[in-house]
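Engineer:
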Amino acid sequence: MGTLHKLTVAVAWVLWCTLPALATPEENGDFTMDLWASPGGSVYVVAFTRLFTPPALMETVLMRYLPNGQRVETHHLPGGGHSYTLSGMLVPARNGRGFFILSKEGSDAWIACYLSPAQCLWTYTYKAPGEVDFRYEAGIDASGNLYVLVRSFYLPTPWACLLKLGANGKLFFTRQIDATVKHLLVTTTGHSYVLCTDRLIHIAPDGKVRWQRSITALAEETSCLLLPGNRIALLDWHYDSAKARLRLLAPDGKLLSQRSVQVPLYHDEHGLLYSYEIHESRKGNRLTVFGYDLAGRRVWQASAPVRFSIEPNWLSDDEDNVLITKDQWGHVYFITSPPDLTVLKWDARGRLIYHRQIPLRREAYETLPLDKVVVDTQGNLYVGSTAWRRNSADLDSVLVKISAQGKMEWMRAYNSGLRRVRR
Numbered sequence: 096m097g098t099l100h101k102l103t104v105a106v107a108w109v110l111w112c113t114l115p116a117l118a119t120p121e122e123n124g125d126f127t128m129d130l131w132a133s134p135g136g137s138v139y140v141v142a143f144t145r146l147f148t149p150p151a152l153m154e155t156v157l158m159r160y161l162p163n164g165q166r167v168e169t170h171h172l173p174g175g176g177h178s179y180t181l182s183g184m185l186v187p188a189r190n191g192r193g194f195f196i197l198s199k200e201g202s203d204a205w206i207a208c209y210l211s212p213a214q215c216l217w218t219y220t221y222k223a224p225g226e227v228d229f230r231y232e233a234g235i236d237a238s239g240n241l242y243v244l245v246r247s248f249y250l251p252t253p254w255a256c257l258l259k260l261g262a263n264g265k266l267f268f269t270r271q272i273d274a275t276v277k278h279l280l281v282t283t284t285g286h287s288y289v290l291c292t293d294r295l296i297h298i299a300p301d302g303k304v305r306w307q308r309s310i311t312a313l314a315e316e317t318s319c320l321l322l323p324g325n326r327i328a329l330l331d332w333h334y335d336s337a338k339a340r341l342r343l344l345a346p347d348g349k350l351l352s353q354r355s356v357q358v359p360l361y362h363d364e365h366g367l368l369y370s371y372e373i374h375e376s377r378k379g380n381r382l383t384v385f386g387y388d389l390a391g392r393r394v395w396q397a398s399a400p401v402r403f404s405i406e407p408n409w410l411s412d413d414e415d416n417v418l419i420t421k422d423q424w425g426h427v428y429f430i431t432s433p434p435d436l437t438v439l440k441w442d443a444r445g446r447l448i449y450h451r452q453i454p455l456r457r458e459a460y461e462t463l464p465l466d467k468v469v470v471d472t473q474g475n476l477y478v479g480s481t482a483w484r485r486n487s488a489d490l491d492s493v494l495v496k497i498s499a500q501g502k503m504e505w506m507r508a509y510n511s512g513l514r515r516v517r518r
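My numbering numbers the first residue of the sequence shown as 96 and each following residue consecutively.
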């Protein structure tokens, strides 16, 4: 019986590995979840179920949580059942009364506009010339038009396509780009800047290419942001490097300046970049979070003694398991999970407001790789994660709400068994 059992397991494993359209997690993007805190107080989450199971069992879901943590709606989306996928991307509409979902249906891009998980206004499917990747880029102009950058999945023949959709789902244009694309920036007036590995492309609101500028020697990691006056800040850095190259470009793409700065984890709409350092000593560790301008000058700084050291996020190419964000009042948040969920909040002057640590083992989790953080209009902090449940081979999509004063209001989890963790 032992030999027969081993043979059965081996055959099952072979069948599992030969399912159609199978792709390993590393081959098809990162695992993630996305979330949005609406002005009305509800929180919308796009997440996966049944991770690390055969692709035919994969699902992607859209959920709505009330301010008290009650999940009142669950809606299944395209995106599962054919390969390991990202969960999708949630883009708030310009009017704040709805949102867009970017997902995947078969090998095509699937885009939808929702008022709530149960109220879908329209859907649009882009029939791609090949398999599309889940790593979308998107932006919205002042008129509420949606711009979506769809990438190819297979790298031997890289391509991308920029789509412009109206708030009513009408397609205005598609612009195919035969290159490996890194980022998309969209201005309020509908001008698009597409960063490729070898050039920067400016596309007008009518879909016509205005100009292209050669970009030389981009490192593996890149980030870019749109500045007032349609200037562009382009950052690139190598893996495991603490320094990034910052290139400031004029609206016509010409190079204005270049300098070395700290690798940023977050930037605000004013062009301030934020990063952190941990100084270790025998007396203990000290965390310093700082913001610096485009000249590399530190213009904001705060610090606090901490007991942890930073661990990598094994679901995101071993990047540090750290998130930094800033709210509308100028408060700066530092979130990490080494392994307990730890949140520090400072005011605009760098004064510590709270330092909270949430033991995850008490909440039935082994580790909490961080995915997304948002702050609502009341100052509540929401942290989204994909987490290992203790004594389980599967991952949960976890959402944590922390009040403006630093109290953990609730933790909710969604997984293939529809189980929820309540605290």
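We put the CB at the ideal spot given by N, CA and C, even for glycine. Fair warning: this is a prediction, and the values are worked out from it, not measured in the lab.
Here's the rule I'm using: 16 or more other beta-carbon atoms within 10 Å means buried, otherwise exposed. How should D331 be labelled?
Structural biologist: Buried: at least 16 other Cβ atoms inside 10 Å.
Engineer: DSSP state of P400, grouped into three classes?
Structural biologist: P400: strand per DSSP, three-state reduction.
Engineer: In whole angstroms, what separates the C-alpha of D442 from that of V227?
Structural biologist: Answer to the nearest angstrom: the Cα atoms are 42 Å apart.
Engineer: Which one of P253, Q473, I296, Y477 has the shortest CA to CA distance from D466?
Structural biologist: Looking at the Cα atoms, Y477 is the closest of the given residues.
Engineer: Under 8 Å by Cβ, that's how I've got Y160 and R507 pegged, so tell me the actual separation to the nearest angstrom.
Structural biologist: At roughly 7 Å, the Cβ-Cβ gap stays under 8 Å, so Y160 and R507 are in contact.
Engineer: Pull up the DSSP beta-bridge partners for I298, would you.
Structural biologist: S287, V304.
Engineer: Does DSSP put G348 in a helix, in a strand, or in coil?
Structural biologist: Reduced to three states, the DSSP call for G348 is coil.
Engineer: When you compare the segment 230-239 with the segment 207-218, are there three or more beta-carbon pairs, one atom per stretch, that lie closer than 8 Å?
Structural biologist: Result no; under three Cβ-Cβ pairs closer than 8 Å.
Engineer: Go ahead and pull the three-state DSSP assignment for P253.
Structural biologist: Three-state result, P253: coil.
Engineer: Near E372, which residues of its chain fall below 7 Å by C-beta distance, leaving aside the five closest residues on each side in sequence?
Structural biologist: The answer, listed in chain order, is T383.
Engineer: Please list, in chain order, all residues of the same chain as H333 whose beta carbon is under 8 Å from its beta carbon, the five residues on each side excluded.
Structural biologist: If we look at H333 and ignore the five residues flanking it on each side, its Cβ neighbours are A314, E315, E316.
Engineer: Can you tell me the Cβ-Cβ gap for S520 and A142, rounded? I've got them flagged as a contact below 8 Å.
Structural biologist: Since the first residue of the chain shown is 96 and the last is 518, residue 520 is not available in this structure.
Engineer: Expressed to the nearest angstrom, what Euclidean distance is found between the alpha-carbon atoms of R393 and L341?
Structural biologist: Answer to the nearest angstrom: the Cα atoms are 15 Å apart.
Engineer: Could you tell me how far apart the beta carbons of N380 and S398 are, in whole angstroms, since I believe they sit closer than 8 Å?
Structural biologist: At roughly 11 Å, the Cβ-Cβ gap does not stay under 8 Å, so N380 and S398 are not in contact.
Engineer: Using the Cα positions of S178 and G474, report the straight-line distance between them to the nearest angstrom.
Structural biologist: With a pLDDT of only 44 at S178, under the threshold of 50, the placement of this residue in the model should not be trusted, and no figure is reported.
Engineer: Would you list, in sequence order, the uninterrupted beta strand (DSSP E) runs of no fewer than 3 residues that lie entirely inside the segment 370-401?
Structural biologist: Taking only runs of at least 3 residues, the beta strand (DSSP E) segments lying wholly in the segment 370-401 are 380-387, 393-401.
Engineer: I need the DSSP call for G324, collapsed to helix, strand or coil.
Structural biologist: The answer is helix: DSSP assigns G324 an H, G or I state.
Engineer: Reducing DSSP to helix, strand and coil, say where F248 ends up.
Structural biologist: Coil at F248, not helix or strand.
Engineer: Count the other C-beta atoms from every protein chain shown that fall within 10 angstroms of the C-beta of K265, then say buried if there are 16 or more, exposed otherwise.
Structural biologist: Classification of K265: exposed, given that the 10 Å Cβ count is below 16.
Engineer: DSSP has T275 in a bridge; who is on the other side?
Structural biologist: DSSP, once it has assigned bridges, lists no residue as partnering T275.
Engineer: Quick check: the segment 269-285 against the segment 247-261, are at least 3 beta-carbon pairs closer than 8 Å?
Structural biologist: As far as the Cβ criterion goes, the segment 247-261 touches the segment 269-285, which means the pair count is three or higher.
Engineer: Under 6 Å Cβ to Cβ from G501, same chain only, skipping five residues before and after it: list those, please.
Structural biologist: Only Y449, R451 meet the Cβ criterion.
Engineer: What residue range is occupied by the uninterrupted beta strand (DSSP E) comprising P187?
Structural biologist: P187 -> beta strand (DSSP E) spans 184-187.
Engineer: Report yes if the CB atom of L320 is closer than 8 Å to the CB atom of A328, and no otherwise.
Structural biologist: Cβ distance < 8 Å, so L320 and A328 count as in contact.
Engineer: Cα separation between Y231 and R189?
Structural biologist: Those two C-alpha atoms are separated by around 18 Å.
Engineer: Select from V281, G239, Q271 the residue whose C-alpha is nearest the C-alpha of A262.
Structural biologist: Checked all of V281, G239, Q271; the closest Cα to A262 is G239.
Engineer: Identify which residue in D471, L439, G445, I206 has its Cα closest to the Cα of Q521.
Structural biologist: Only positions 96 to 518 of the chain appear in the structure, and residue 521 is not among them; the question remains open.
Engineer: Can you give me the start and stop residues for the beta strand (DSSP E) that Q452 sits inside?
Structural biologist: 447-453 is the span of the beta strand (DSSP E), which, as asked, contains Q452.
Engineer: Spatial neighbours of E121 within its chain, please: CB distance less than 7 Å, with the 5 preceding and 5 following residues excluded, ordered by chain position.
Structural biologist: No answer about E121 holds up, because its pLDDT of 27 lies below 50 and its placement is not dependable.
Engineer: For N123 and R444, what's the separation of their Cα atoms in angstroms?
Structural biologist: Unreliable placement is indicated for N123, whose pLDDT of 29 sits below 50; the coordinate value is still reported in the next sentence. Distance between the alpha carbons of N123 and R444: 42 Å.
Engineer: To the nearest angstrom, how far is the alpha carbon of S370 from that of V417?
Structural biologist: Approximately 10 Å between the Cα atoms of the pair.
Engineer: If we call anything under 8 Å between Cβ atoms a contact, is F195 one with A207?
Structural biologist: Yes, the Cβ-Cβ distance between F195 and A207 is below 8 Å.
Engineer: Which residue or residues does DSSP assign as beta-bridge partners of M128?
Structural biologist: None, per the DSSP bridge assignment.
Engineer: Starting from the C-beta of S247, find all residues in its chain whose C-beta is less than 6 Å away, skip the five residues before and the five after it, and write them out in chain order.
Structural biologist: Within the same chain, S247 has close Cβ partners G225, P253, W254.
Engineer: Measuring CA to CA, which of Y219, M184, P173, S355 is closest to G201?
Structural biologist: Of Y219, M184, P173, S355, the residue nearest in Cα terms is P173.
Engineer: Just curious, the beta strand (DSSP E) that D199 is in, first and last residue?
Structural biologist: Strictly speaking, residue 199 in this sequence is Lys, with Asp absent from that position. K199 -> beta strand (DSSP E) spans 194-200.
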